[in-house]
Structures are given as structure tokens and as C-alpha cells.
Amino acid sequence: MQIKINNKIYKAKEGEVVLDVCKREGIRIPTLCGFEGLPREAVCRLCLVEIENAGTGLKPVRTNLQPSCVLKVKEGLEIITESEDINKARRINLELLWADHAGKCATCKKNQMCELQKLAEEYKIENFHFIPRKGEITGIEELDLIRDNWSRVVVENENPCISRNSELCIECKRCVNICPEKKFGFNHRGSDIVVGTPYEKVLDCSFCGKCVEVCPTGALTDKNDYKKIIEDLDSLKKFSIAFLDVEMEKKILDKIEKISAEKNIDKILANLGFEKIIRLKEENLEDEMIKNIKTEYAKQKKINSNDIVVFFISSKIYKKAKKDKYLDYILSEREVARLIRDKEKMREGKIHL
Ligand code: FES
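Here the sequence shown is numbered in our numbering, starting from 4 and rising by one per residue.
In C-alpha cells:
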């Protein structure tokens with residue numbers, strides 16, 4: 004069938020949604036809850052498009068905005084993807100999502116790598132109409148509402164692999180939909196709804212890390228002792244070795260696309276403080292030679308084996324839960340990206356860790 008997008012005719016297949024046609028044709032539409040391969044939930048309302056003709060031949064009387072991620076194609080459908088009305092609606096929806104986040108970016112692990120932050124920048128969300136400022140909250144009811152919201156915030160750091168902070172959650176449902184073990188769902192009801200584990204128990208799963216990978220904000224992140232990692236990498240006394248899972252090179256480069264222009268992974272890791280980089284396949288981690296890496300390098304460098312720090316750079320974050328003795332840290336591509344971001348800022352004197 005044929006549909007019209009921005010006054011141009013495109014081919015579409017029965018059952019397709021407008022967003023997918025646009026993606027295929029290179030027409031950009033912002034999305035936040037939508038994620039390739041996951042069910043479309045239409046909750047963020049950023050992918051709104053304007054219907055010019057719903058396929059009935061009649062022009063809608065009023066502006067008709069619909070989320071393109073669930074809008075099925077139909078013969079004769081005519082839509083517009085950019086207009087003043089669309090922009091205004093997207094900005095309001097973005098501002099509502101952003102309302103809970105404003106002011107928290109500086110300390111967020113996902114700073115500069117957050118999908119919501121990027122869109123807020125793109126749409127120049129500067130006025131916070133939905134956030135009461137200090138001193139503006141006068142009524143008891145408003146205060147109670149804020150306290151009530153706070154009472155539902157869950158910050159969990161007790162499981163070995165994933166940190167959760169529901170304050171940064173935008174309820175996009177990506178984690179709910181991607182988790183193979185169905186560990187996430189909605190708690191509470193109506194406007195009080197929050198994404199969490201059943202009865203907000205400590206997350207206990209196989210820690211495949213898929214939820215962290217798809218989370219668009221800092222609500223789900225890799226757990227680690229970040230300060231200690233930086234100290235170890237910076238220490239002149241210590242010798243840091245990175246076992247680099249061969250699949251990781253591309254993943255790291257993809258993650259740091261907007262942060263660093265450097266494309267040489269050895270240089271990137273050397274800048275972070277790694278003295279030795281060993282590429283390997285995960286199964287080879289079990290080799291005896293690798294298990295004895297600390298003693299071997301301690302001999303070679305004539306230092307105490309406690310001063311040899313061994314990292315495994317891999318997406319397999321479940322290894323954090325059952326770390327082999329000779330490994331000190333497991334680092335995902337996201338954590339490497341975070342280190343690169345912060346090293347850059349430290350060099351510019353913008354932060355001190
Ligand atoms: S991507 Fe369509 S509503 Fe979120």
C-alpha cells in the first residue's frame with residue numbers, strides 16, 4: 004500500500020506502524036519508550052505525528068496527534084512528522100518526563116549518555132513549568148504530595164550487579180518487557196505507579212544485564228565500586244591488566260561515539276590507566292595461564308602480587324556475582340564509557356573524583 008509522509012509517497016506493508024516506515028525511510032522521529040524488538044507501549048508520547056488524512060479521504064477537523072509507534076498504516080494515510088503543534092506537544096511531554104530529573108544530571112552515572120537528557124537538550128527544555136521551586140511550595144497539600152512521591156522512591160544497591168534508582172525512572176517499560184525472567188513490573192496504582200520488583204524485594208535474577216542495557220536513563224545502572232576503580236587505575240604503585248572480551252571493542256566504540264573521537268581501543272584503555280591489554284574469548288578465561296596472571300606479572304614487574312589489578316572487560320555482568328579469585332573487577336562497556344567521560348572531565352578540571 005501507499006501512504007503519504009510529509010507530502011511524499013512511500014510504500015508500506017500491511018500491519019506496519021508509521022514509526023517503522025519512517026525509520027526505514029530515514030525520517031527521524033524522537034522516541035523514548037520505543038525500543039527495537041520490544042512491544043510498543045506508547046507511554047512517552049514523543050513519537051507523535053499529525054494525521055492529515057486518516058485514510059478516509061477527509062481532513063480531520065481538529066489537529067489529530069497520534070503516537071506513531073502504535074499507529075498502523077492504512078491505504079491513503081497522510082501524516083506529517085514535524086509541525087509547530089507536534090513540536091509543542093513533544094516539548095510538553097518531554098518537560099513532564101524531565102520534571103523529575105532536572106538538577107540530577109551532574110551526579111548521575113548516565114550523564115551525557117542518557118537518552119532523556121539528549122532529547123531535553125535537543126528540544127531545548129529550559130523552563131521547568133512542572134517543578135515547584137524552593138520557596139514556591141507553600142501549601143500543605145503540595146508538601147504532602149512531594150513527601151508522598153518520595154516515599155515511593157526505591158534506591159537499591161544490595162544485589163551484586165545492578166543499581167536501581169526509581170527516582171530516575173520514566174516508566175518506559177523497556178526493562179519490564181526485556182527481562183527474560185519477568186523480574187520487573189508495576190507497583191502501586193494510578194498516578195502512584197512505579198516500576199519495581201515484586202514487593203520491592205532485592206533484585207535477584209541471573210543478571211543478564213539486558214535491563215541495564217535498554218534503560219534510557221540512570222534508573223538501572225551497573226553496580227561497582229567506582230571510586231576504588233579510579234584509585235586503582237590511577238595508582239602508580241599498581242599495575243592494571245585488562246582482559247578484553249573480543250566482542251567488546253565495537254560495543255565500547257558505539258557507547259563513546261558522542262564522548263570521544265578516539266577510535267583506537269588500545270589508546271583509549273591506556274589513557275584510562277591500563278598498563279596491559281590482553282584480548283581473549285570468554286571461555287579462555289578459564290586457562291591456567293590466565294588464572295596465574297597475578298603471580299606471573301608480579302614476578303615480571305618485581306612487585307607484590309596484591310598490586311596487580313586484573314579487570315575483565317565484558318558485557319557478562321553476572322560475573323560480578325561470582326567473580327573468580329584472580330579477577331578484581333568486571334567492567335561493562337557502559338562502565339568503560341563512564342570512565343572515559345569522567346577522565347575527560349578530570350583532565351579539563353571540571354570534576355574531581
Ligand atoms: S515511542 Fe511512541 S510513545 Fe514512546
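Note that CB positions come from ideal geometry on N, CA and C, so glycine has one too.
On a predicted model such as this, the values are computed, not experimentally measured, just so you know.
Kindly identify the DSSP beta-bridge partner or partners of S166. For this step, residue 166 is matched to residue 163 along the sequence shown. DSSP output for S166 lists T224 as bridge partner(s).
By the 10 Å Cβ neighbour count, where 16 or more other Cβ atoms means buried, how is Q303 classified, buried or exposed? As a working note, residue 303 is residue 300 in the sequence shown. By the neighbour-count rule (16 or more Cβ atoms within 10 Å), Q303 is not buried but exposed.
Is there at least one non-hydrogen atom of the ligand FES closer than 7 Å to the beta-carbon of L35? Here residue 35 corresponds to residue number 32 of the sequence shown, with the count starting at 1. Yes, Cβ of L35 sits closer than 7 Å to a heavy atom of the ligand FES.
Three-state class that DSSP yields for P70 in the structure shown: To locate residue 70, count along the sequence shown from 1; it is residue 67. Three-state DSSP puts P70 in a strand.
Simplified DSSP state of L76, which is helix, strand or coil: Sequence index remark: in the sequence shown, residue 76 carries index 73 (1-based). With the sequence shown as reference, residue 76 is identified as Val, and Leu is not the correct amino acid for it. The answer is coil: DSSP assigns V76 none of H, G, I, E or B.
For I181, which option in N190, K213 and H191 has the closest C-alpha, if you only look at C-alpha atoms? Working through the sequence shown from its first residue, we reach residue 181 at position 178. Ranking the options by Cα distance to I181, first place goes to K213.
Any contact between the region 210-224 and the region 274-289? By contact I mean 3 or more CB pairs, one from each, below 8 Å. no
How is the alpha helix (DSSP H) around K121 delimited, first residue to last? Numbered from 1 along the sequence shown, position 118 holds the residue referred to as residue 121. Where K121 is concerned, the enclosing alpha helix (DSSP H) stretches over E118 to E125.
Inter-residue spacing [alpha-carbon to alpha-carbon] between I54 and R93: Here the question's residue 54 lines up with position 51 in the sequence shown. Here the question's residue 93 lines up with position 90 in the sequence shown. I54 and R93: Cα-Cα distance of roughly 15 Å.
Cβ shell of K186 (< 7 Å), same chain only, five flanking positions each side left out: Translated into positions along the sequence shown, residue 186 becomes position 183. Result list for K186: T200, L206 and C208, in chain order.
Backbone CA spacing between K266 and A324 [nearest angstrom]: Here the question's residue 266 lines up with position 263 in the sequence shown. Here the question's residue 324 lines up with position 321 in the sequence shown. About 31 Å.
Could you tell me which residues DSSP pairs with L51 in its beta bridges? Counting from one through the sequence shown, the residue named residue 51 turns up at place 48. L51 pairs with P70.
Could you have a look at V373 and say whether DSSP puts it in helix, strand or coil? Examination of residue 373 is not possible in this model, given that the chain is present from 4 through 356 alone.
Ends of the alpha helix (DSSP H) at Q303? On the sequence shown, position 300 is the one that residue 303 refers to. I296 to K304 is the extent of the alpha helix (DSSP H) around Q303.
Could you tell me whether the Cβ atoms of I128 and E98 are closer together than 8 Å? One-based indexing of the sequence shown puts residue 128 at position 125. One-based indexing of the sequence shown puts residue 98 at position 95. It is a contact, given that the beta carbons lie within the stated cut-off.
Since I89 and L68 are thought to touch, with beta carbons under 8 Å apart, how far apart are those beta carbons, to the nearest angstrom? The residue given as residue 89 occupies position 86 in the sequence shown. The residue given as residue 68 occupies position 65 in the sequence shown. Correct: roughly 7 Å between the Cβ atoms.
From C72 to L51, what distance separates their C-alpha atoms? Taking the first residue of the sequence shown as 1, we reach residue 72 at position 69. Taking the first residue of the sequence shown as 1, we reach residue 51 at position 48. Distance between the alpha carbons of C72 and L51: 8 Å.
Cutting at 7 Å between CB atoms, please list the residues of its own chain near V3, excluding the five before and the five after it. One cannot answer for residue 3 here, as it falls past the ends of the chain, which runs 4 to 356.
Can you have a look at D147 and say buried or exposed, based on whether 16 or more other CB atoms are within 10 angstroms of its CB? Mapped onto the sequence shown, residue 147 falls at position 144. Answer is exposed; the Cβ neighbour count stays below 16.
Three-state secondary structure (DSSP) at I143? For the purposes of this step, residue 143 is taken as residue 140 along the sequence shown, with counting starting at 1. In the structure shown, I143 sits in a helix (DSSP, three-state: H, G or I).
Looking at N96: is its Cβ nearer than 8 Å to the Cβ of R31? Locating residue 96 in the sequence shown gives position 93, where the first residue counts as 1. Locating residue 31 in the sequence shown gives position 28, where the first residue counts as 1. Their beta carbons are not under 8 Å apart, which means N96 does not touch R31 by this criterion.
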